[in-house]
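One structure below.
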Amino acid sequence: MSDIRERTDRAVALHDSIESDGDDDVYAVTTTVFDGDISIETADGAAIFSVVITVPMIDAVVDGHVAPPVQKGWVDTFGRRMADAESATRGHETLDIKTTRKDDTAVVETTFTDIDPSRGVDDAVSLVEFAEGTYVEGVIPGYDYTDPVTQLIQRASDAAGGKKGGTPL
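Each residue of the sequence shown is one higher than the last, beginning at 1 in UniProt numbering.
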């Protein structure tokens, strides 16, 4: 059996959803419109994954004013939903996920260890993709949105065959 570094390098090379960020052992997730970075270290026969996801605050993607209580409620709700992100993983039943506001973004961070680098890479990517789905759940009707929300809504509409409301007329 190969060592953990070799298995981690192989898992990264075989994964279609990440690419090198230009920095050794830092990878960008390419399957979402948001910035999702995965840093991977190895130690004691395991891979250590640090995941950082940055998404725009609601007031940063709305064309117009968003009241401060709505902004606070939005980030609080997003953080509570992200606390359930371990449900998107195959091997991590409890994760310490922190969501904080930094200027006009919400930043989600977690770190976990896995002895199976392939599963760890899959789970790290799943966390980033979960954040995108959670973000879409938090889109509040009635606002005029800008990118990337308009991209996400269009992609969802395209995936549903362009039908609105989910049922044919």
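By construction, the Cβ of each residue, glycine as well, lies at the ideal position given by its N, Cα and C atoms.
For G45 against I115, the beta-carbon gap comes to about 6 Å, under 8 Å, which counts as contact. I18 places its beta carbon 8 Å or farther from that of T32. Taking the C-beta atoms as reference points, D25 is found nearer than 8 Å to I40.
Within the model, the alpha-carbon separation for S126 versus V107 is close to 16 Å.
Annotation: T134 to A43 spans about 32 Å, alpha carbon to alpha carbon.
In the three-state reduction of the DSSP assignment, Y135 falls in the helix class. DSSP places D35 in the strand class (E or B) of the three-state scheme.
DSSP lists no bridge partner for Y143.
A Cβ-Cβ separation of about 4 Å places A88 in contact with F130 under the 8 Å criterion. In the same chain as R101, and ignoring 5 residues on each side of it, the C-beta atoms closer than 7 Å to its own belong to M57, V75, in chain order. When V70, P68, T113, D104 are compared, the shortest CA-CA separation from A47 is found for T113. When the five nearest sequence neighbours on each side are left out, the beta carbons in the same chain lying within less than 8 Å of the beta carbon of L14 are those of S118, in order along the chain. CA-CA distance, A85 to V61, rounds to 23 Å.
Nearest in C-alpha terms to G22, of all of T8, A11, T110, I38, is I38. The residue among V149, E137, V121, E132 with its C-alpha nearest the C-alpha of Y27 is V121. Close CB contacts of M82 within its chain, under the 7 Å cut and outside five residues either way in sequence, are with I97, T99, V108, A131, T134 (chain order).
For I153, the uninterrupted alpha helix (DSSP H) segment begins and ends at 149–159.
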